[in-house]
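Worksheet for the structure shown next.
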Amino acid sequence: MPEPTPDAAQTTTVAVGAGGLATADMVLNIGPQHPATHGVLRLRLTLDGERIVRAEPIIGYMHRGAEKLFEVRDYRQIIVLANRHDWLSAFGNELGVVLAVEEMLGMEVPERAVWLRTMLAELNRVLSHLMFLGSYPLELGAITPVFYAFREREELQAVMEEASGGRMHYMFNRVGGLKEDVPAGWLGRVDDAVQAVRRRLPDLESMLVGNEILTARTRGVGVLDVATVQQYGVSGPIARASGLDVDLRRDAPYLAYAELFGEDGPGRVVTRTAGDCLARLEVLLEQVHVSLDLVEHCLSVLGSMASGPVNQRLPKVLKVPEGETYVATENPLGFNGYYLVSRGDKTPWRLKLRSASFNNVQVLTELLPGTLVSDMVAILGSTFFVVGDVDK
Amino acid sequence: MSDVSDVTHDRSVPLPMPRVGPVGEHAPKPIRVVLNWGRRYSLWVFNFGLACCAIEFIAASMGRHDFIRLGVIPFAPGPRQADLMVVSGTVTDKMAPAIRRLYDQMPEPKYVISFGACSNSGGPYWDSYSVTKGVDQLIPVDVYVPGCPPRPEALLHGIIRLQEQIAGERLSGRAIAERLGGAGRLGPADGEGAAAPRYTAHRTGSAAEVTRARVEPPR
């Protein structure tokens with residue numbers, strides 16, 4: 003609010019009354035069932051007029067106790083629960099579990115499985131990003147983009163389903179590889195789907211990039227600086243939009259990412275420096291292109307690869323030797339880590355989950371204060387979280 | 052500071068007996084057919100999206116599956132304007148009071164589809180300490196759609212089954228009371244005998260009953 007000039011102040015005091023503009027804080031609850039929270043996140047906002055004074059995310063409405071349930075499931079069953087916390091990137095979630103178990107067992111995964119996993123993980127990343135590219139404009143009041151985003155999602159979900167049998171929860175990873183080899187001719191189907199998505203992606207992009215309304219709602223809104231990003235452990239596209247150049251695919255390569263992000267590989271880390279809502283959306287958009295590049299590279303590698311095994315023969319009772327490990331992977335929304343402690347049983351003694359959205363949502367306490375209520379939805383949507391990933 | 056605004060602090064409010072108008076209740080069969088026909092193809096839906104299944108619900112509302120062609124309209128501004136509630140996703144004990152409360156806000160006649168294994172029975176979280184084992188412990192459910200998550204086609208099938216049910220329905224105060232169970236029950240403060248005896252067929256808890264005390268963080 004601009005400072006009133008002395009003249010204006012004199013005239014307004016008469017109108018307002020002796021006390022001037024007395025304001026009282028108002029507490030406003032957003033959620034737990036609110037369309038903008040796409041899920042059941044609850045925010046307790048303290049308002050002074052239209053300005054947010056304090057914001058407190060109240061989590062736990064989706065707490066399903068997955069970490070405790072991991073302890074009573076054997077290593078094959080854990081994958082069922084693991085791919086459900088971040089339901090938009092089920093493949094990435096189950097990947098972390100099997101990588102941790104494989105590391106503890108010292109198990110070597112067949113090369114074909116490594117490349118297939120990499121490709122499926124990238125397809126899953128595109129699926130997750132498309133969801134947010136559709137839902138974020140929806141929250142800002144643009145209904146059309148979500149239809150375009152879901153058209154591409156259906157296209158890619160179809161090929162994922164042809165391989166794994168699932169539209170969302172693929173259950174395709176196994177300790178030591180994949181459940182089974184992909185169907186004959188499937189690589190060609192993936193190629194067709196990727197080309198179709200590439201061809202039609204400009205339709206979606208043209209509605210977002212350079213859109214006057216969207217730019218007005220997002221540019222300079224909810225600016226997140228690098229120091230706060232590091233304090234709160236924010237990761238993924240949100241951190242990169244603030245200029246933090248970190249991506250586990252390049253910095254701590256797993257699967258085939260060392261080659262993809264190596265010298266003259268197609269992989270590159272997308273960053274922005276503005277740190278506002280628009281930058282976060284732009285990172286997401288560009289990452290879709292990068293992921294499609296990676297999928298195409300994987301396709302060319304797999305196409306020239308001789309057929310071979312995609313999994314290991316496992317014992318009937320799978321026991322993991324005593325010890326502990328931490329495996330982190332780059333999920334679409336950020337770091338997804340599993341800290342696995344085994345006491346040599348067929349179930350883990352403890353499997354701690356470090357999920358991306360949990361940290362990304364906490365930063366709302368820093369992001370929201372000082373902004374207006376009308377910008378709240380724009381900022382909330384741009385933190386790209388999945389409530390299951392917050393509450394576990 | 053803001054205990055007033057906290058949804059967990061919820062007292063049971065005696066609700067009036069739900070009823071339909073005398074025209075609807077005693078309408079001759081041809082009129083009833085027309086009324087039912089009108090109702091089954093204009094189901095304003097309130098999506099209680101909770102988890103993974105909500106994504107498949109959205110997929111069902113998009114271009115490829117498009118449940119709007121079945122007359123299901125996903126633009127209800129809130130529960131007070133909705134005819135159908137689709138509970139899609141895991142219901143947790145913390146969420147339960149809100150679900151019951153929003154269901155109570157819906158006007159009669161109202162229907163519920165439980166979408167997915169979690170809201171049917173707890174699903175893969177059947178042995179979790181924090182998950183409600185089925186939304187039918189809170190509200191009466193008309194159609195259960197199985198799957199984890201169910202395909203959008205499964206939701207379309209569930210909707211068609213619900214529409215078949217509506218088509219054969221005779222709407223009366225008694226029918227609603229039987230379906231609602233405990234919803235209109237009066238609180239203990241209203242004295243003995245205040246509860247309507249008809250409200251016992253499907254006994255479900257009120258929002259206050261499914262609320263647990265707030266857990267204080269350890270010091």
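First to last, the sequence lines map onto chains A and B. Residues in the first sequence are numbered from 3 upward in steps of one, following my numbering. Residues in the second sequence are numbered from 52 upward in steps of one, following my numbering. From the three backbone atoms N, C-alpha and C, an ideal C-beta is built for every residue, glycine too. These numbers were taken from a predicted model, which means no experiment stands behind them.
- If you compare the alpha carbons of C103(B), P160(B), Y154(B) with that of F166(B), the shortest gap goes to C103(B).
- Counting along the chain, the unbroken beta strand (DSSP E) around E58(A) starts and ends at 53-60.
- Secondary structure of M133(A) (DSSP, three-state): helix.
- Counting only Cβ-Cβ distances below 7 angstroms, P79(B) has no contacts in chain A at all, with the closest Cβ about 40 angstroms away.
- G190(A) is not bridged by DSSP to any residue.
- For the 8 angstroms CB-CB criterion, L301(A) and L189(A) form a contact.
- By the Cβ-count criterion, Q233(A) is exposed, with fewer than 16 other Cβ atoms from all chains shown falling within 10 Å of its own Cβ.
- A direct Cα-Cα distance of roughly 14 angstroms separates P160(B) from W88(B).
- Residue environment for K318(A): exposed (fewer than 16 other C-beta atoms within 10 angstroms of its C-beta).
- Taking C-beta atoms as the reference points, M170(A) and I106(B) count as a pair closer than 8 angstroms.
- Out of V161(A), N213(A), N362(A), the CA that lies nearest to the CA of A198(A) is found in V161(A).
- The DSSP assignment places complete alpha helix (DSSP H) segments of no fewer than 4 residues inside the segment 64-134 of chain B at 73-76, 80-91, 103-112, in order along the chain.
- Contact between the segment 142-153 of chain B and the segment 197-210 of chain B is absent: fewer than 3 CB-CB pairs across the two stretches fall below 8 angstroms.
- Around the CB of I80(A), 16 or more other CB atoms lie within 10 Å, so the residue is classed as buried.
- For a cut-off of 8 angstroms, the C-beta gap from L121(B) to W95(B) is around 13 angstroms, too long to register as a contact.
- The beta carbon of L257(A) lies closer than 6 angstroms to those of V116, R119, T120 in the same chain, with the five residues before and after it left out.
- In the structure shown, E220(B) falls within a coil segment according to DSSP collapsed to helix, strand and coil.
- Contact annotation, Q289(A) with P239(A): C-beta distance approximately 6 angstroms; criterion of less than 8 angstroms satisfied.
- Contact check for V163(B) against D193(B) passes: the beta carbons are separated by less than 8 angstroms.
- Approximately 4 angstroms separates the beta-carbon atoms of C279(A) and T220(A); this is inside 8 angstroms, confirming the contact.
- Short of 6 angstroms from the beta carbon of V303(A), and not among the five residues preceding or following it, lie these beta carbons of its own chain, in chain order: W117.
- For the segment 337-382 of chain A, the continuous beta strand (DSSP E) assignments of 3+ residues that do not extend past its boundaries occur at 352-356, in sequence order.
- Taken in chain order, the members of the segment 160-180 of chain B whose beta-carbon sits within less than 7 angstroms of a beta-carbon on chain A are P175, Y176, D178, S179, Y180.
- By DSSP's assignment, F166(B) forms a beta bridge with S139(B), V196(B).
- Put simply, of E326(A), P204(A), A68(A) the residue whose alpha carbon is nearest the alpha carbon of N85(A) is A68(A).
- Of the candidates E157(A), S344(A), D247(A), H87(A), S344(A) places its Cα closest to the Cα of L353(A).
- In this structure, E104(A) keeps its C-beta atom at 8 angstroms or more from the C-beta atom of T349(A).
- DSSP, reduced to helix, strand and coil, places T48(A) within a strand of the structure shown.
- The three-state secondary structure of L280(A), taken from DSSP, is helix.
- With a 10 Å radius around the Cβ and a threshold of 16 neighbouring Cβ atoms, D88(A) comes out buried.
- Taking a beta-carbon distance threshold of 8 angstroms, R115(B) counts as an interface residue toward chain A.
- DSSP places T331(A) outside any alpha helix (DSSP H); the residue lies instead in the beta strand (DSSP E), whose first and last residues are 325-333.
- Non-local beta-carbon contacts of L342(A) in its own chain, meaning distances under 6 angstroms to residues more than five positions away in sequence, involve A102, T327, P350, L353 in chain order.
- For the segment 99-124 of chain B, the set of positions with a beta-carbon nearer than 8 angstroms to some beta-carbon of chain A reads F99, G100, L101, A102, C103, A105, I106, E107, I109, A110, M113, G114, R115 in chain order.
- Counting only Cβ-Cβ distances below 9 angstroms, K184(B) has no contacts in chain A at all, with the closest Cβ about 12 angstroms away.
- Cβ-Cβ distances below 8 angstroms link S181(B) to T143, D144, K145 in the same chain, with the five nearest sequence neighbours on each side left out; the list follows chain order.
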